[in-house]
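With this note's numbering as the guide, the letters of the sequence shown map in order to residues 3 to 392. Positions of the beta carbon are idealized from the N, C-alpha and C atoms, including for glycine.
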Amino acid sequence: MKDFIFSSPTKIIFGKGTEEQVGKEVKNYSNKVLLCYGGGSIKKYGLYDKVVKALKEEGVEFVELSGVKPNPRLGLVQEGIKLVRENNINFILAVGGGSVIDTAKAIAMGVPYEGNVWDFFEGKAELKEALPVGVILTIPATGSEASDATVITNEDGWYKIGFHHELLRPKFAIMNPELTYTLPPYQTACGVADIMAHIMERYFVNEEGVELTDRLCEATLKTVINNARIVLKDPANYNARAQIMWAGTIAHNDLLNTGRGRGDWASHRIEHELSAIYDIAHGAGLAIVFPAWMKYVYKNNINRFVQFAVKVWDVDLPYENLEEIALEGIRRTEEFFKEIGLPVRLKEAGISDDRFEEMADKCTKGGTRTIGDFVKLNKEDIIKIYELAR
Ligand code: NZQ
Ligand code: ZN
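(1) May I ask whether a heavy atom of the ligand NZQ can be found less than 7 angstroms away from the beta carbon of D12?
(2) Can you determine whether any heavy atom of the ligand NZQ sits closer than 7 angstroms to the C-beta of A106, and answer yes or no?
(3) Classify E63 as helix, strand or coil using the three-state DSSP reduction.
(4) Per DSSP, which residues does A96 bridge with? Please list them.
(5) Taking the straight line between their C-alpha atoms, what separation do you get for E60 and S32?
(6) May I have the straight-line CA-CA distance separating T182 from I141, to the nearest angstrom?
(7) Taking L324 as the reference, which of F307, F339, R333, T335 has the closest Cα?
(8) Whole angstroms are fine: how far does the CA of C365 sit from the CA of I373?
(9) What span of residues does the alpha helix (DSSP H) with A278 cover, start to end?
(10) Could you please give the first and the last residue of the uninterrupted alpha helix (DSSP H) stretch that includes F310?
(11) Would you mind sorting N178 into buried or exposed? The rule is 16 or more other CB atoms within 10 Å of its CB.
(12) How would you write the range of the alpha helix (DSSP H) that M361 sits in, first residue to last?
(13) Considering just the uninterrupted stretch of the beta strand (DSSP E) at I91, what are its terminal residues?
(14) Could you check whether the Cβ of A199 sits closer than 7 angstroms to any heavy atom belonging to the ligand ZN?
(15) With H, G and I counted as helix, E and B as strand and the rest as coil, what does DSSP make of T215?
(16) Looking at Y161 and the ligand NZQ, is the gap between the Cβ and the nearest heavy atom below 7 angstroms?
(17) Use the C-beta contact count for I290: other C-beta atoms within 10 angstroms, 16 or more gives buried, fewer gives exposed.
(18) Closest to F292 by CA distance: which of T190, I94, G331, P237 is it?
(19) Quick one, which of V135, N241, V314 has its alpha-carbon nearest A328's?
(20) Less than 8 angstroms between the CB atoms is what I'm expecting for Y39 and V79, so what's the real figure, rounded?
(21) Which value, in whole angstroms, describes the spacing of the CA atoms of R264 and D316?
(22) Where are the beta strand (DSSP E) runs, 3 residues long or more, that stay fully inside the region 137-180, in chain order?
(23) Mind listing, in chain order, the continuous alpha helix (DSSP H) runs of no fewer than 4 residues lying wholly within the region 185-245?
(24) Compute the minimum distance between the beta carbon of H270 and the heavy atoms of the ligand ZN, and state whether it is under 7 angstroms.
(25) Could you please give the first and the last residue of the uninterrupted beta strand (DSSP E) stretch that includes F16?
(26) Can you tell me whether T144 sits near the ligand ZN, meaning its C-beta is under 7 angstroms from at least one heavy atom of the ligand?
(27) Starting from H254 and walking both ways along the alpha helix (DSSP H), at which residues does that stretch end?
(28) If you follow the alpha helix (DSSP H) that V28 is in, where does it begin and where does it stop?
(29) Which same chain residues end up closer than 7 angstroms to V346 when comparing Cβ atoms and leaving out the 5 residues on each side of it in sequence?
(30) Any idea what DSSP makes of L379, helix, strand or coil?
(31) Out of curiosity, what's the CA-to-CA distance linking L218 and G117?
(32) Checking 8 angstroms against the spacing of the C-beta atoms, do V35 and F122 come in under that value?
(33) Report all residues from its chain with a CB closer than 6 angstroms to the CB of K378; omit the five preceding and five following residues, and keep chain order.
(34) Is any heavy atom of the ligand ZN found at a distance shorter than 7 angstroms from the C-beta of D150?
(35) Out of V137, L257, K18, point me to the one whose CA is closest to F8's CA.
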């Protein structure tokens with residue numbers, strides 16, 4: 003087990019009706035905030051009115067930035083930075099999913115910085131300061147509500163890049179599972195795949211002697227799988243929604259990789275190229291990429307894939323050899339993604355095979371770096387993984 007530092011300072015306010023507390027929470031930081039949200043789901047389902055009421059009750063003024071798109075764009079981040087500066091705002095409230103939260107985080111980084119906020123994503127600047135961000139979460143998926151990351155797409159060249167810094171962990175996250183009842187089944191499923199991917203990125207490491215986090219990962223995966231099946235049949239099942247919502251945070255606040263390094267993250271990098279160019283939902287992209295990645299790398303540490311098959315998917319049939327068990331675990335992962343309505347091949351998502359080389363090139367910065375830690379992958383490897391996902 004490796005040494006580690008673990009800090010997850012986000013205050014979690016979890017449960018029914020918790021959105022009503024947002025005014026009080028915000029007031030601990032500011033009397034004037036940027037209210038950041040997406041394409042309108044919060045208005046359609048009544049959350050917007052509740053947030054406005056809660057802010058007004060506490061005398062908190064707000065300026066709005068709406069229209070955040072899934073796979074959020076740099077252009078809107080830059081608009082937000084301008085708006086915050088013009089209005090002397092010093093707190094950002096994100097009401098929505100990962101795209102809204104990531105936009106809020108990028109604005110928070112950009113406001114105190116004189117240069118272009120994209121510099122951080124390109125590794126050209128070091129983050130020294132960021133405004134505080136608070137969250138009301140409406141879709142369990144990315145874990146951005148407590149993560150140190152933001153992922154933004156630059157429309158100029160369609161580069162989708164993530165940036166990590168401890169300063170980006172939100173101050174608070176309000177999480178009411180009832181707010182997720184309105185999610186369309188496809189978005190629910192995309193969220194589930196993303197949560198599973200965040201756990202699997204951390205699970206597939208070569209570190210030995212990490213039984214506690216192995217068990218935590220396996221338990222969280224099993225919980226998400228079981229409850230996904232429930233909510234897809236019964237969308238207003240509070241307890242099942244609640245299990246998934248809390249799992250989404252646990253999956254990505256770095257608890258599950260304590261003592262085992264950061265994790266692999268190749269599948270995420272390979273997926274980000276897909277959602278950058280083809281604008282597919284991140285979770286759907288992962289449902290396609292992760293099984294292909296597994297098929298490509300399992301031989302490098304067959305025991306870990308056998309453990310995954312046995313502990314997560316209960317594979318206990320009398321298989322002839324370890325390889326068969328490992329492959330059965332991968333097959334069941336893919337079957338599950340299909341079962342919850344996600345594509346598992348690029349062609350099912352309408353993606354052709356003519357840009358594999360370009361995506362692999364971007365992913366490896368022109369072939370100058372490898373990605374992944376479980377197995378280090380170069381440009382040729384990445385092309386082969388896209389081919390397996392065809
Ligand atoms: O825009 P609105 O109208 O609000 O609709 C959204 C959007 O269309 C809808 N939605 C959200 N909550 C809803 C709802 N519809 C009905 N009822 C609700 N309660 O869902 C759609 C998707 O929203 P989005 O925020 O894009 O989803 P998600 O949370 O999956 O975020 C995806 C983005 O986060 C990045 C992804 O790459 C992608 O860009 N990630 C961020 C990470 C991080 N910051 O730590 C880590 C992840 O690995 C990921 O890369
Ligand atoms: Zn993800």
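Taking the structure as given:
(1) In the sequence under discussion, the amino acid at residue 12 is Thr, which differs from the Asp named in the question. Incorrect: T12 has no Cβ contact closer than 7 angstroms to the ligand NZQ.
(2) Short note on A106: C-beta not closer than 7 angstroms to any heavy atom of the ligand NZQ.
(3) strand
(4) Answer by DSSP bridge pairing, in chain order: C38, V137.
(5) In a straight line, the C-alpha of E60 is about 11 angstroms away from that of S32.
(6) 6 angstroms
(7) F307
(8) 8 angstroms
(9) 268-280
(10) 304-315
(11) In summary, N178 is buried, with 16 or more beta-carbon neighbours lying within 10 Å of its beta-carbon over all protein chains present.
(12) 358-365
(13) Per DSSP, I91 belongs to no beta strand (DSSP E) and is neither H nor E.
(14) yes
(15) helix
(16) For Y161, the Cβ stays outside the 7 angstroms cut-off from all heavy atoms of the ligand NZQ.
(17) buried
(18) G331
(19) Among V135, N241, V314, the Cα nearest to that of A328 belongs to V314.
(20) With a Cβ gap of about 14 angstroms, Y39 and V79 do not count as contacting.
(21) Going by the C-alpha atoms only, they are around 26 angstroms apart.
(22) 151-156, 161-166, 174-177
(23) Along the length of the region 185-245, whole alpha helix (DSSP H) runs at least 4 residues long occupy 187-205, 213-235, reported in chain order.
(24) yes
(25) 13-16
(26) yes
(27) Per DSSP, H254 belongs to no alpha helix (DSSP H) and is neither H nor E.
(28) 24-29
(29) Around V346: A289, I290, P293, E336, F339, K340.
(30) strand
(31) Each residue's alpha carbon lies about 42 angstroms from the other.
(32) no
(33) T372
(34) Incorrect: D150 has no Cβ contact closer than 7 angstroms to the ligand ZN.
(35) L257
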